[in-house]
Every structure is written in C-alpha cells, then in structure tokens.
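Read through the structure below, which is laid out as structure tokens, and then see the notes.
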Amino acid sequence: MDLKLQFLESFEVVGADGQVWKVRAYDRMARNEALPDREHWESTGVVEYRLEDGRLVEALPDGSLRIHGTDVELQRTAGSTA
12 MDLKLQFLES
22 FEVVGADGQV
32 WKVRAYDRMA
42 RNEALPDREH
52 WESTGVVEYR
62 LEDGRLVEAL
72 PDGSLRIHGT
82 DVELQRTAGS
92 TA
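The numbering of the sequence shown is our numbering, which starts it at 12 and goes up by one.
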C-alpha cells in the first residue's frame, strides 16, 4: 500500500526538559487502488506527529505527546497554532 503524508497543522510544545519544540501533524493518506487513475488518495484516519527535524512524536492514550524513543513528554502551549 502506498502512503503519503498530508500536512494538517503545526504547533509549539514544551518538553519536560524545558525545551520548546515545534510539532507538525500529518494525515496519513493511502492510495485507493480500486480507482483506475491511481491518483486518488484517501485518509487512513491516522494522524502522525513529527518534530520539525523529522523525529517521530508518539500520541499517548491519555492525549499527551512524547518524543519517540525517549522519556521526554510534551505539553502543547496555550494558543500554539502556527
């Protein structure tokens, strides 16, 4: 299955380490193979979060975010849409 990311939004977060980060949210899209033009993409319903430098950010069940592979939890700052 072919996948691509479609940009949704970006926002600032503060890490438990005190550092300010920018997170980008993307909708994971999949090519609809059933259509003949092969250029029709549909949402998979999965939102993928990444830091500006490309590192993956995990969305935890309680709604918080964490930098993948670390213990650094991230909190969205008030009014942080960019």
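For every residue, glycine included, the Cβ atom is placed at its ideal position computed from N, Cα and C.
On a predicted model such as this, the values are computed, not experimentally measured, just so you know.
In this structure, DSSP gives D73 a state outside helix and strand, which the three-state scheme calls coil. Pairing T55 with N43, the inter-Cα distance amounts to about 10 Å.
For D38, the uninterrupted beta strand (DSSP E) run begins and ends at 31-42, by DSSP. The secondary-structure analysis by DSSP pairs L85 across a beta bridge with G26, L76.
Taking C-beta separations shorter than 7 Å and ignoring five residues to either side along the sequence, the partners of R87 in its chain run F22, V24, following chain order.
Inter-segment contact for the segment 57-77 and the segment 31-43 is present: three or more beta-carbon pairs are separated by less than 8 Å.
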